[in-house]
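Colleague:
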Ligand SMILES: [Zn+2]
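Residue numbers (the numbering used here): 74 to 162.
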């Protein structure tokens, strides 16, 4: 997997949704759990810390993805931290 940079994560948090398409952006942490951009914004310091020091504590972002299609076909996507249904963001 390509290394994600803090710059890319920051941009993803700022955007929230992909353009074009308007797909909801979410982050994938080192434990392979999805993290919503709202949590990522709140925990930005933790994310930077974990990414710079390569700490595997669930805040080390390894991927940026978007939700495309619909929940029925793609399955659940729930934030590992606030338990929000990312489809509803
Ligand atoms: Zn969240």
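Cβ coordinates follow ideal geometry from the N, Cα and C atoms, glycine included.
All figures in this text were calculated on a predicted structure; none of them were measured in a lab.
1. Please tell me whether residue 129 has its Cβ less than 8 Å away from any Cβ of chain C.
2. Kindly give me the distance between the Cβ atoms of residue 150 and residue 112, rounded to whole angstroms, as I take these residues to be in contact under 8 Å.
3. Check whether the segment 109-128 touches the segment 136-146, taking contact to mean three or more Cβ pairs, one atom from each stretch, closer than 8 Å.
4. Is residue 107 buried or exposed, if buried means 16 or more other CB atoms sit within 10 Å of its CB?
5. Say the cut is 7 Å; is the CB of residue 118 nearer than that to a heavy atom of ligand 1?
6. DSSP on residue 105, reduced to helix/strand/coil?
Modeller: For this structure:
1. Checking the listed chains, one finds no chain C in this structure; it contains a single protein chain.
2. Start at 1 with the first residue of the chain shown, and residue 150 comes out as number 77. Start at 1 with the first residue of the chain shown, and residue 112 comes out as number 39. Their Cβ separation, rounded to whole angstroms, is 13 Å, which puts residue 150 and residue 112 out of contact at 8 Å.
3. no
4. Locating residue 107 in the chain shown gives position 34, where the first residue counts as 1. That one is buried.
5. Translated into positions along the chain shown, residue 118 becomes position 45. No, the beta carbon of residue 118 sits no closer than 7 Å to any heavy atom of ligand 1.
6. Position 32 of the chain shown, counted from the start, is the residue given in the question as residue 105. Residue state, collapsed to three classes: coil.
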